[in-house]
Structure formats: structure tokens, C-alpha cells
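For reference, the structure is listed below as C-alpha cells.
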DNA sequence: AGTCAAACGGGGCGACCGTTCCGATTATAG
DNA sequence: CTATAATCGGAACGGTCGCCCCGTTTGACT
């Protein structure tokens, strides 16, 4: 690959990461291109579709979250980590909420599986009420993120976590 | 006002109510017009802008909710009423979430005020934790609605309400 | 330095949507 | 029944956005 191509590809990735994290998946490609200092055509040369660009930007974040879940973290703690991830990065929030764009199922599935294991452990230990499903948790994370955007996150997460306790 | 004009106006209102409740504020005007059996121009004769049509359709629902809040209902009960209202009527959900369109401030403010009073009562009676603000509650309603769209509402609302208790 | 394929960029296409316009229609007063 | 003005419907406008195309530039290898 030519040197300028590699450079431009990296510029696009950097710009896309910044803008997507700040504004969410709704930003036009042209804006990403402008921020990267390239034309829209160049973006589409490297990433055949907007979805593929989003994928490239978001995938490693999802993997990082999955790793965190596997790191022996407490369930309640990881819950707040997820919410904070969504608050810090609107693209993550949009992807978790399933907003329009489709992310490869396996990355999403791996994260959900790790989260579900944490939940099951906590439920067996008796610290989390037994009638909540992994899907409920997933939904609560989305809700907390959407919710805490206007308000401070801490109180809301405290409330939800308190409600989750057995 | 001519008889056919009144008839058409009502058709538009009915169609708009049905579709907006079912699909949310994103539906195109043309679809509302088609469902009402009129042209798009007719819709704009009666409602100068899409926002005004939405307003006409949504306002009395907001007033109904405000009345319900004033009817001596319990705070926790009203919380679930709000969530159910959002689930039943996507237009309500979108308006509560502040999704794009602007609803006259007083209607929104009246509902919020009534809800805030219920909260304050419950907090003085000691049934709801004292560190949550009306804005927190507003946010939690939005979150529960957005959340419960995919999952059943009951478990989620139970969790949140349990977390809200003192 | 010269060559040429690869990469560039920005204008353009098609789709969608809110809004406006205007010729055709129709209800109502006289 | 006619005149007339209100109303109607849907085509057209302007704006946005994802995506593609193509004339031009540029980097790598000789």
C-alpha cells in the first residue's frame, strides 16, 4: 500500500473516532472527511460503506469492554463501566442501542456473553436478584446511558444498581 | 369553516394520532396525508408545520397525564403510568425524550411540576430516597421507555422502582 | 528523470422529507 | 342555477445524506 494511502487511512480513522465518539453515528461522512483533511471519495476508497467505517472504529472498543468484563471485575462495577463507556463515547452508545447500523454479531455476542456470565455469578452468590435476565441488563445499560446524558450518571446508576440487588 | 374542510381536518387529526402513536414522530407527512385520504397540501392548509400537527395531536395526551398526576395517585404508580404511556404511544415517548420537535413549554412544564410534587410528597413521607431530583425521575422515565421497547416493561420498572425506595 | 497504476477529491446521483404552489374542484350564498 | 371564493391534491422545490464516478494528481520503481 502506498505511503499516502496508509497515512490517509489513518487520518480517516482518527477523525472518525473523534467525531463519532463526540457526536454519535449520525455524523455525515463529509464531515469526517473534512476533519481528516481528505475528500469523501477517499473515505469510501478505504471503507466501502459508512457501516464498515463505523465497524472499524467501534470494534476494538467493544473488545476492550469484553476484556474488562473477563478481568475478574464485579458485576455492579462492570455495569457502571458500561454506562460510562456509553457516556464517554456516543458511538458506543448508539451501537449498544442498536441504532441503525449493524455491527458484526460475534463482537456484540462476545461482550453480551461475558456480561451474562458476570450476572450469573452475582446471582449465584445472591447479590443480584434472580429474576433479571441478561437482556434486562442490556436494556438497563442502554436506558442509563440515554438517560444520564442530560443528568449526572452517578445517581441514576446508583438507583438502578440498588434496585438490582437481591 | 366549510363542511369538507372540517371533515378533512378531523381525518388528518385521526390519521396523525394513529400513525404517530404507532410509529413515532419520524413518520413523513405524506404518509399521514395518504392515511387520511387527502393530499399533503391539505395537511399544510390546516397545520402550517409538522410541529404544529404533532402539537395538536400530543397536547391533550400530556394534559391527560397531568390530570392523572393530580388525581391523588401514588408516586410509584404514576411512574409506571408514565412508562406505559410512552410504551403505548411512541409520539409521547419521543416528545418526553425531547426528540427534535418542540412542544409548548407550559404543557411540558405542567406535567413536570405535577410529577415533581408527587415525588416531593413521597420523599417527605420517606418512601422514596431523598437524593433523587425531578430531573432524575424524568430521565428514568425516558430510559425505562426506551429500554422496555425491546423487553417486557414490568421487570425493568420493578427494578427501578425498587432502587428508588428509601 | 520518466512512467503508470494507484489514489485523490469533489461534483453529482438518487432517495427522502418538509414545505410551497397552483390549476382543478366544490361547497355555499344569493 | 350561477358566481365566487375557499378548499383540494399532488407535483415541484430546496435541503440533506449516503454513495459513486471520473478527470487529475502523486508516489514508487526503474
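Chains as they are written, first to last, in this note's numbering: chain A, 1 to 166; chain L, 1001 to 1166. Glycine included, C-beta positions come from ideal geometry on N, C-alpha and C.
query	result
Contact list for the segment 117-145 of chain A against chain L, Cβ threshold 7 Å	131, 132, 135, 136, 139, 140, 142, 143 and 144
Per-residue DSSP class, three states only, for residue 128 of chain A	strand
8 Å Cβ cutoff met for residue 1109 of chain L and residue 1020 of chain L	no
Interface partners of residue 147 of chain A on chain L, CB under 7 Å	1139, 1140, 1142 and 1143
Backbone secondary structure at residue 1149 of chain L - three-state DSSP	coil
As assigned by DSSP and simplified to three states, the class of residue 165 of chain A	strand
DSSP state of residue 1049 of chain L mapped onto helix, strand, coil	coil
Neighbourhood of residue 1038 of chain L by C-beta, 6 Å cutoff - its chain only, sequence neighbours within 5 removed	1008
Partner residues on chain L for residue 163 of chain A, Cβ-Cβ distance less than 8 Å	1158, 1159, 1160, 1161, 1162, 1163 and 1164
Reference residue 54 of chain A; option with closest CA among A:16, A:117 and A:105	A:16
Min CB distance residue 1155 of chain L to chain A below 8 Å	yes
DSSP-derived helix/strand/coil call for residue 1089 of chain L	coil
Cβ-Cβ distance between residue 1013 of chain L and residue 1043 of chain L below 8 Å	no
Backbone CA spacing between residue 1130 of chain L and residue 1165 of chain L [nearest angstrom]	9 Å
For residue 133 of chain A, three-class secondary structure by DSSP	coil
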